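Chemist: So the mapping is simple: this note's numbering equals the position in the sequence shown, first residue as 1, plus 2.
Ideal placement from N, C-alpha and C gives every residue a C-beta, glycine not left out.
The model shown is predicted, which means the values in this text are computed figures rather than measured ones.
Right, I'll just put the structure down here and ask away after.
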Amino acid sequence: MKKLFALMLGLLSCTLLLCLSVNAVELYVDTELVQTDVPPQLVGGRTLVPMRAIFEYLGAEVTWDNDTRTATGTLNDTVVTIQIDNTTAYVNGVPYTLDVPAQIIGNRTMVPARFVSESLGCVVTWYNETQTAAVANKTKGEHIYVTKTGKRYHYSGTCNGGTYYEATLAEAMGRGLTPCDKCVLTKN
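Structural data, given as structure tokens:
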């Protein structure tokens with residue numbers, strides 16, 4: 003009886019872990035997987051990420067006002083202000099309506115990844131198949147090449163005589179592509 007109970011408990015644990023991993027959301031910023039203690043969450047069809055992580059990965063300075071429960075990220079001349087449970091956020095004082103407000107999840111302030119990233123001049127691409135959000139700085143503008151089959155990408159347009167199609171690095175990473183193992187990756 004104890005063995006049967008242990009077996010059932012083990013199967014239940016594996017099932018729960020599988021379910022959790024299926025719903026996992028990944029966030030990449032300029033090809034780097036953002037690692038946080040509270041993972042990105044899908045809420046109301048929007049990807050919420052830890053506020054400090056997304057602001058800092060994008061190079062913004064972060065402040066938090068505990069009295070008003072307001073997060074502010076500043077990058078160059080852009081100031082993004084988001085308040086917990088408020089669907090109005092501000093970019094340089096101009097109000098914007100959010101589909102999903104910033105929230106406290108797992109004792110972390112979670113903010114909409116697309117709104118924050120695009121407000122700071124980045125491009126965001128969502129890949130539903132892999133549950134991945136890829137954020138790319140427009141200013142970096144790195145381009146790569148992807149084969150028709152999507153098996154590899156390159157910084158150079160030549161590898162074994164193949165033909166490659168231009169794509170951003172964030173697009174390739176968002177699709178789960180990995181570097182070609184036959185090529186040495188070098189910048190153009």
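Name the DSSP bridge partner or partners of Asp101?
Modeler: Answer is none; Asp101 lacks a bridge partner.
Chemist: Could you spell out where the beta strand (DSSP E) holding Ala138 opens and where it closes?
Modeler: Start and end: 134–139.
Chemist: Output the boundary residues of the alpha helix (DSSP H) element that contains Glu120.
Modeler: That run of the alpha helix (DSSP H) goes 115–121.
Chemist: Which residues bound the alpha helix (DSSP H) around Glu58?
Modeler: Unbroken alpha helix (DSSP H) run through Glu58: 53–59.
Chemist: At what residues does the beta strand (DSSP E) containing Asp67 begin and finish?
Modeler: Residues 63–67.
Chemist: Run the CB neighbour count on Gly123, radius 10 Å, all protein chains shown included, and call it buried at 16 or more, exposed below.
Modeler: Classification for Gly123: exposed.
Chemist: Can you give me the C-alpha to C-alpha distance between Ser23 and Gln133, rounded to a whole angstrom?
Modeler: Here the model assigns Ser23 a pLDDT of 39, short of 50, so the residue's position is not dependable and the matter cannot be decided.
Chemist: Is the beta carbon of Arg116 sitting closer than 8 angstroms to the one on Val102?
Modeler: No, Cβ-Cβ distance for Arg116 and Val102 is not below 8 angstroms.
Chemist: Along the chain, where does the beta strand (DSSP E) containing Val81 start, and where does it finish?
Modeler: Counting along the chain, the beta strand (DSSP E) containing Val81 begins and ends at 80–85.
Chemist: Near Thr83, what residues of its chain come up, given a Cβ to Cβ distance below 7 angstroms and the 5 sequence neighbours on each side ignored?
Modeler: Cβ within range, chain order: Thr72, Thr74, Ala91, Tyr92.
Chemist: Alpha carbon to alpha carbon, what distance is there between Thr99 and Leu29?
Modeler: Straight-line Cα distance between these residues: approximately 23 angstroms.
Chemist: Checking contacts by CB at 8 angstroms: is Gly123 closer than that to chain C?
Modeler: This model lacks chain C altogether, as it is built from one protein chain only.
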